[in-house]
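So the protein lines, in turn, are chains U and D. Going left to right, the first sequence walks through residues 574 to 706 as this note's numbering numbers them. Going left to right, the second sequence walks through residues 6 to 430 as this note's numbering numbers them. Backbone N, C-alpha and C define an ideal beta-carbon position, used for all residues, glycine too. Please read all numbers here as calculations on a predicted model, not as lab measurements. Only one structure is covered here, and it is reproduced in the block below.
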Amino acid sequence: MSGHTRILVADDDLQLLNTVAEALRRLGADVVQAESGAELIEQLASEGPFDLVVTDISMPWMSGMQAMRSVRTVGLGMPVIVMTALGDERVSAQVQALGRNAALLRKPFELNELESVAAMLLSSKQPSVDRPS
Amino acid sequence: MLGFFPLGITAVVQWALGPLIYPHVWFLFYPSLLISSWTMDRRSGLIATALSTGLIWWLFVPPEHAFVKDPQELFAAGVFFSTGTVIIVFNDRLRKTTERLLKVIEERRVFAALIDNSPDFIGITDRDGQSGYVTPSGRRMVGLAADHPAENTTIPDCYPAGATMIVQVVSTLKELEHLREEWASVVAHDLQQPISVIVLRSDLLLHEGLTETQTEDVREVRSAAKRLSRMVNDLMDASLLETSRMRITLDRLDLGQLVRAVVERDPDAAARTDVRTPIDSRLFVKGDEQRLEQVVTNLLSNALKYGAPETQIGLDVRDAGGYAEVLVTNRGPGIPGDELPFLFERYFRSRAARTSGTKGSGLGLYIAKGLVEAHGGRIWAESTPAETTTFHFTVPLDGPPMPTPVLSSSPDEGALQPEFEGIQP
């Protein structure tokens, strides 16, 4: 991951947000943080574009999933890692619906997992959702 | 002693009246004996009767103050004594019956209060099934005024005569149950957040060029956090199973392939496990891939933990008529017969597990059982102490076993290829 890789991380748990952001920075990325789904959208609009979005699901104001669905609707097809501690089986189907460049990471995950999933998504960086032409 | 009082008073009155009452010396004593008997038990009553007979005989039957009287008087004395005895015995019996009756009435009052204060509909139909007793809350439930006579409530026609019906309002219970479920998943979710921080920060620390001791320390912290996470997941699964919220997504799965994948994922397991699947056929089951992998992983890790060190673990997949059966066999001390029936109970940990120092929540097999049963299968264990222990589980087959494509050299994805049509069963 080079310093040019721009990653947006969103989680309402500040400690975890800082930790994931720090981990990605140490892996060499340029990281912007958001504390809610609404802030995720704001940051995408003001600080974008990003090469990768890493987001939690359960967040106030707007869940990570709602935020990413909105992002996809407006035609942004960047890769996304959805982090979750929810045991809900429906989550994986919802993540699949975000496209082939979306991956699910179940909390707690290891640094290696985060690194390999991020590297995999960044290497095959092709938007798989239909963009409005 | 109070019982002797009316008799004494009668004696005084009769003495005062003197000749007025003569010769009916016994008569006044009948009512006084009747009054006395109310306060006396059988024994004192009989003593009182005998005493009064003697007193009247001595004081009032002429000639007075002498024991020897006209033999005719003996008849009157005999009648008085026997009538007295009968009065005493009957009154005693009457008093006891009354006491019992009062007790029953009191009990009935207590039960009626309990039933009437029940929040449920409790109704008892009479013999013709037309009406019966219904509790106040029951009357409210069917829209009758609370002061509607309890005994004249019409019971629905469908209800049999001479029976009791209890209808419970479960909405409060349901609400509590829902809160409990929500609480369990929120707790499980919230606990994973700090655990994630511990695991990630430990990983970051491990990249900081620590000394050997420091590295070891951080690894221990990390491993404890991972264990905590597994325990939270187990509690979450147990909660899902108990509240029937465990979602099983059934897909067509090659069970042999699934079992091999589980073994290959863990290098320790792969080195010690002999996987045996049918040579000539593939067993497809209806199952949830992730959950079946969880069951196999659990049984396999138990076999590795509790099996004798350095011994091989057997992992067999076979056709069991309509079901696919998985057997996980290890050599080792085994499980004593008295523990076998409890293995799949919540929080049960065998003596071996408790003394081995192997950590566990006691939920692994309980969850495995729940998951297998959610698939419509069965799980059980057999053990010959000091020899082998085998855990079995079954999952319904999805169609008959498929012949293995012999000529295929690539690991295929499950679906039969057209060129093998000729050897299909």
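Looking only at D:Tyr138, D:Val280, D:Gly339, the smallest Cα-Cα distance to D:Thr389 is reached by D:Gly339. Against chain D, a Cβ distance below 9 Å from U:Phe682 picks out Ser201, Val204, Leu205. When rounded, the separation of the alpha-carbon atoms in U:Thr628 and D:Ile200 is 17 Å.
In this structure, the alpha-carbon of D:Asp256 lies about 37 Å from that of U:Glu608. Chain-ordered, the chain U residues with CB closer than 8 Å to the CB of D:Gln198 read Asp586, Gln588, Leu589, Ala658, Lys680. Of the candidates U:Arg679, U:Thr592, U:Thr657, U:Val653, U:Val653 places its Cα closest to the Cα of U:Gly672.
Residue environment analysis places D:Gly59 among the exposed positions, since fewer than 16 neighbouring C-beta atoms fall within 10 angstroms of its C-beta.
Under DSSP, no beta-bridge partner is assigned to D:Pro338.
For D:His380, the nearest beta carbon of chain U is not closer than 8 Å to its own beta carbon. Judged by DSSP in its simplified three-state form, D:Arg250 adopts coil rather than helix or strand. Under the Cβ distance rule, D:Ser366 does not count among the residues neighbouring chain U, no pair being separated by less than 8 Å. For D:Arg257, the enclosing beta strand (DSSP E) starts and ends at 256 to 259. Taking every protein chain shown into account, the CB of D:Ala373 has 16 or more other CB atoms within 10 angstroms, so this residue is buried. At the C-beta level, D:Val237 and D:Ala276 stay beyond 8 Å of one another. Note that the stretch 116 to 128 of chain D touches the stretch 170 to 183 of chain D; at least 3 beta-carbon pairs, one per stretch, sit closer than 8 Å. In the DSSP assignment, D:Gly128 forms a beta bridge with D:Val139, D:Met170. Counting only the Cα atoms, U:Val664 lies some 36 Å from D:Arg359. What D:Asp208 touches in chain U, judged by beta-carbon distance under 7 Å, is Glu683, Leu684, going in chain order.
Interface residue (Cβ-Cβ distance to chain U less than 8 Å): D:His194 is classified as such. Within chain D, no C-beta atom comes less than 8 Å from the C-beta of U:Ala670; the nearest is roughly 15 Å away. Annotation note: the stretch 594 to 621 of chain U contains the following uninterrupted beta strand (DSSP E) runs of length 3 or greater, listed N- to C-terminal: 603 to 607. The Cβ atoms of D:Arg296 and D:Gly261 do not sit closer than 8 Å to each other. DSSP lists D:Arg257 as the beta-bridge partner residues of D:Lys291. In the assembly as shown, U:Lys680 is a buried residue. Its beta-carbon has 16 or more other beta-carbons within 10 Å.
D:Ser234 belongs to the set of residues whose beta carbon lies under 8 Å from a beta carbon in chain U.
Distances from the CA of D:Glu350 to each of D:Leu205, D:Thr334, D:Trp385, D:Ala357 were compared; the closest alpha carbon is that of D:Trp385.
The Cβ of D:Ala243 sits no closer than 8 Å to any Cβ of chain U. In the structure shown, the three-state DSSP call for U:Leu677 is strand.
According to DSSP, residue pairing for D:Ser286 in a beta bridge involves D:Pro408. Proximity of U:Arg598 to chain D, defined by a Cβ-Cβ separation below 8 Å, is not satisfied.
The beta carbon of U:Ser631 falls within 8 Å of a beta carbon belonging to chain D, placing the residue at that interface.
For the stretch 591 to 625 of chain U, the set of positions with a beta-carbon nearer than 8 Å to some beta-carbon of chain D reads Thr592, Val593, Glu595, Ala596, Arg599 in chain order. Taking the Cα positions, D:Leu320 is about 9 Å away from D:Asn335.
Counting only runs of at least 3 residues, the stretch 166 to 221 of chain D fully encloses the following beta strand (DSSP E) elements, listed from N- to C-terminal order: 169 to 172. Between D:Gly382 and D:Thr394, the CB-CB gap reaches or exceeds 8 Å.
Under the three-state reduction of DSSP, D:Ala391 is assigned to coil, being neither helix nor strand.
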